[in-house]
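Enquirer:
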Amino acid sequence: MSQVWTIPEIDPAVTSPAVDIQKMLDGLNALKTVFSGAALPTTNLVGGMLALETTNNLYWRRDAANTKWMIYASADAVSVVAKAAAYTVLLGDHGKTFSCAGTFALDFTAAATLTDGWWCNVRNDGAGNITLDPNLAELIDGAATVVLLPGQSCLVKCDGAGLITVGKPSSEFAAGTRMTFQQTTAPTGWTKDTTAALNDSIMRIVTGAVVGGGSTAFSTFNGQTATAAYTLTTSNIPAHAHGVTDAGHNHSQNSHAHTTVAGASVQVDLSSGGGTTYSVPLYSAGSGTSGTTATNNSAATGISTNNAGGGASHSHGITTAIKYNDFIIASKN
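In terms of this note's numbering, the sequence shown opens at residue 3 and continues consecutively.
Here it is in structure tokens:
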């Protein structure tokens, strides 16, 4: 709660001049007490409560312990400032809102110069990252820098020794986290991985270590319409039979002779009767054996198997046009 110190009214009709003068002195002494302590820069008093410092266009007030001056408000007519490049935030920027677009750093003046109670707002209204960078080795939120991602905003407060942010959204993913996205470009705050080995490959789910493998591109495999040509060997052919064509044939035989045994003959003379004399051979069964020798000449059979194949290689039809959707891999900035 602010305390307002005023000089009491002087009403001659009510009090005596001596009493009024004493009241005035008491009021001035009260103001002296309120504004005592560390030296104030060149100022103008406003209502006996605030000091307007024209160098930085700031209103200052005393702290509750009445030991020092603290920034109260900005007297600058401009409260929202657009920034598109690196800038050093100054004491006079107290209470301002920086609307940033691009990728750059907002450097802050030393915390001791900004003083306890100083603050400003920072918005990232662009597509890049805005880095909040304290002076030298000073920290912000206990870190060397803080990054505002696109769409994020925060209040930056100074305690005279360092900076803290208020209202900055915490990141849902740690830097370096990798995820897949079904879009051509990485979302804000992520970086697309364009490693050539990842292009035109498929995704495999594993329960162990994450590795990659294979060499055939997905589009090459998916574009196949037949298996590779292959010529069968004898061992590849199953047992089977062939039909035959028999044109028929004859065998010739060499000539051969038989040996016979001559029989006895008898002569009958019928001349005593004045007739003709005849000799009549008489045959009797011969004794012994006689063999027959016959030889067949060789001859082509004319039999041939039917040709049932052309001997060419062959392939099998295959359909591998698997339906797919493209994804990218991106890592958290």
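The beta carbon of each residue, even a glycine, is placed where N, CA and C say it ideally should be.
1. Do you know how far the Cα of Ile-324 is from the Cα of Thr-222?
2. In the structure shown, what three-state DSSP assignment does Met-329 receive?
3. Report the rounded CA-to-CA distance for Ser-203 versus Ala-107, giving the unit in angstroms.
4. For the beta strand (DSSP E) that Ala-107 lies in, which residues bound it at each end?
5. In this structure, does DSSP put Ile-23 in helix, strand or coil?
6. Less than 9 Å separating the beta-carbons of Phe-100 and Val-83?
7. Alpha carbon to alpha carbon, what distance is there between Val-208 and Gly-216?
8. When we look at the beta-carbon of Gln-154 and count the other beta-carbons within 10 Å, is it buried (16 or more) or exposed?
9. Apart from the five residues just before and just after Thr-233, which ones in its own chain have a Cβ nearer than 6 Å to its Cβ?
10. Can you tell which of Thr-303, Arg-206 and Ile-320 has the C-alpha that lies nearest to the C-alpha of Ala-231?
11. Using the Cα positions of Ile-331 and Asn-131, report the straight-line distance between them to the nearest angstrom.
12. Hey, which unbroken runs of the beta strand (DSSP E) at 3 residues or more fall wholly within the region 178-219?
13. Quick check on this structure: which residue in Ile-305, Gly-164 and Val-149 has the alpha carbon closest to the alpha carbon of Gly-245?
14. Is the beta carbon of Asn-123 closer than 9 Å to that of Leu-150?
15. For the beta strand (DSSP E) that contains Ala-53, what are its first and last residues?
Expert: In brief:
1. So the two alpha carbons sit approximately 12 Å from each other.
2. It is Phe, not Met, that sits at residue 329 in the sequence shown. Here Phe-329 sits in coil by DSSP.
3. When rounded, the distance between both Cα atoms is 38 Å.
4. 106-110 is the span of the beta strand (DSSP E), which, as asked, contains Ala-107.
5. Reduced to three states, the DSSP call for Ile-23 is helix.
6. It is a contact, given that the beta carbons lie within the stated cut-off.
7. So the two alpha carbons sit approximately 15 Å from each other.
8. By the 10 Å Cβ count, Gln-154 comes out buried.
9. Closer than 6 Å at Cβ, skipping near neighbours: Ser-315.
10. Nearest C-alpha to Ala-231: Ile-320.
11. Spanning the two alpha carbons is a distance of roughly 20 Å.
12. Taking only runs of at least 3 residues, the beta strand (DSSP E) segments lying wholly in the region 178-219 are 180-183 and 192-194.
13. Looking at Ile-305, Gly-164 and Val-149, the one whose alpha-carbon comes closest to that of Gly-245 is Ile-305.
14. Their beta carbons are not under 9 Å apart, which means Leu-150 does not touch Asn-123 by this criterion.
15. Note, Ala-53: beta strand (DSSP E), 52-55.
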